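Student: Take a look at the following structure, please.
In our numbering, the protein residues as written are 1416 to 1576.
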């Protein structure tokens, strides 16, 4: 249900530091509100303080809320704590996978174009290495073999020889 933000009462909260709300505000602007806040029947905030504050800063007048009824003070505190304790952020690998998938959906032909460009480059490089032609000069000879630096004789492990 939609609730007028100005009618929501925010009691003393356990969380004092709301952190940087800019990313949350950007998310709300871009994607809308993905999860409702939780309020009591008398519109006292139970869960979603950061979402509520971000929406206020964005100038929203209304916010999606789940209304719960008949809560004791103990149960209200439990709900505030529960929402903030049992969350798990993505691992770096999971985040990378998600970004890759999103990029593939946003740019489905990009991978094909990059793949073709790489194949073309590798093909040209193979011809050049065989001495058939040079990409830059058109010369028929491959570049001269590089000789190791004199210091490489003294410390071959340091120079990969």
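In this text, a Cβ means the ideal position worked out from N, Cα and C, and glycines have one as well. Computed from a predicted model, the values in this text were never measured in an experiment.
(1) Who pairs with residue 1452 in a beta bridge, going by DSSP?
(2) Would you report the Cα separation of residue 1417 and residue 1451, rounded to the nearest angstrom?
(3) Taking only three categories from DSSP, how would you classify residue 1420?
(4) With residue 1443 and residue 1469 assumed to form a contact (beta carbons below 8 Å), what rounded beta-carbon distance in angstroms separates them?
(5) Rounded C-beta distance between residue 1423 and residue 1475? I'm assuming under 8 Å.
(6) Helix, strand or coil: which one does DSSP assign to residue 1470?
(7) State the beta-bridge partners of residue 1460 as determined by DSSP.
(8) Can you name, in chain order, every residue of its own chain whose Cβ lies under 6 Å from the Cβ of residue 1427, other than the five neighbours on each side?
(9) State the start and end residues of the unbroken alpha helix (DSSP H) segment that holds residue 1515.
(10) Counting beta carbon pairs with one atom in the segment 1453-1464 and one in the segment 1494-1505, are three or more of them shorter than 8 Å?
(11) What number of angstroms, rounded off, separates the C-alpha of residue 1459 from the C-alpha of residue 1524?
(12) According to DSSP, is residue 1435 part of a helix, a strand, or is it coil?
(13) Return helix, strand or coil for residue 1443, following the three-state DSSP convention.
(14) So is residue 1453 buried or exposed if we call it buried at 16+ other beta carbons inside 10 Å?
(15) Whole angstroms are fine: how far does the CA of residue 1490 sit from the CA of residue 1447?
(16) Nearest by alpha-carbon distance to residue 1455: which of 1508, 1481, 1519 is it?
Tutor: Reading from the atomic positions:
(1) In the chain shown, the residue the question calls residue 1452 occupies position 37. Residue 1452 pairs with 1480.
(2) Translated into the one-based positions of the chain shown, residue 1417 becomes position 2. Translated into the one-based positions of the chain shown, residue 1451 becomes position 36. The straight-line gap from Cα to Cα measures roughly 9 Å.
(3) Here residue 1420 is taken as the residue at index 5 of the chain shown, counted from 1. The answer is helix: DSSP assigns residue 1420 an H, G or I state.
(4) In the chain shown, the residue the question calls residue 1443 occupies position 28. In the chain shown, the residue the question calls residue 1469 occupies position 54. The pair is a contact, with the Cβ atoms about 6 Å apart (cut-off 8 Å).
(5) Counting from 1 along the chain shown, the entry for residue 1423 is found at position 8. Counting from 1 along the chain shown, the entry for residue 1475 is found at position 60. Wrong, their Cβ atoms sit about 11 Å apart, outside the cutoff.
(6) The sequence position of residue 1470 within the chain shown is 55, counting from 1. Residue 1470 falls in the helix class under three-state DSSP.
(7) Position 45 of the chain shown holds residue 1460. Note: residue 1460 sits in a beta bridge opposite 1454.
(8) Locating residue 1427 in the chain shown gives position 12, counting from the first residue. If the five residues before and after residue 1427 are omitted, its C-beta is found closer than 6 Å to no C-beta atom of its own chain.
(9) As a first step, residue 1515 is located in the chain shown; it is residue number 100 there, counting from the start. Judged by DSSP secondary structure, residue 1515 falls within the alpha helix (DSSP H) whose first and last residues are 1507-1521.
(10) Contact holds between the segment 1494-1505 and the segment 1453-1464, because three or more Cβ pairs, one in each stretch, are under 8 Å apart.
(11) Position 44 of the chain shown, counted from the first residue, corresponds to residue 1459. Position 109 of the chain shown, counted from the first residue, corresponds to residue 1524. Using only the alpha carbons, I get a separation of about 49 Å.
(12) Within the chain shown, the letter at position 20 stands for residue 1435. The answer is coil: DSSP assigns residue 1435 none of H, G, I, E or B.
(13) Here residue 1443 refers to the residue found at position 28 when the chain shown is read from its first residue. DSSP places residue 1443 in helix when its eight states are reduced to three.
(14) In the chain shown, the residue the question calls residue 1453 occupies position 38. By the 10 Å Cβ count, residue 1453 comes out buried.
(15) In the chain shown, residue 1447 corresponds to position 32, counting from 1. In the chain shown, residue 1490 corresponds to position 75, counting from 1. Cα-Cα distance, rounded: 29 Å.
(16) As a working mapping, residue 1455 is identified with position 40 in the chain shown. Here the closest residue by C-alpha is 1481.
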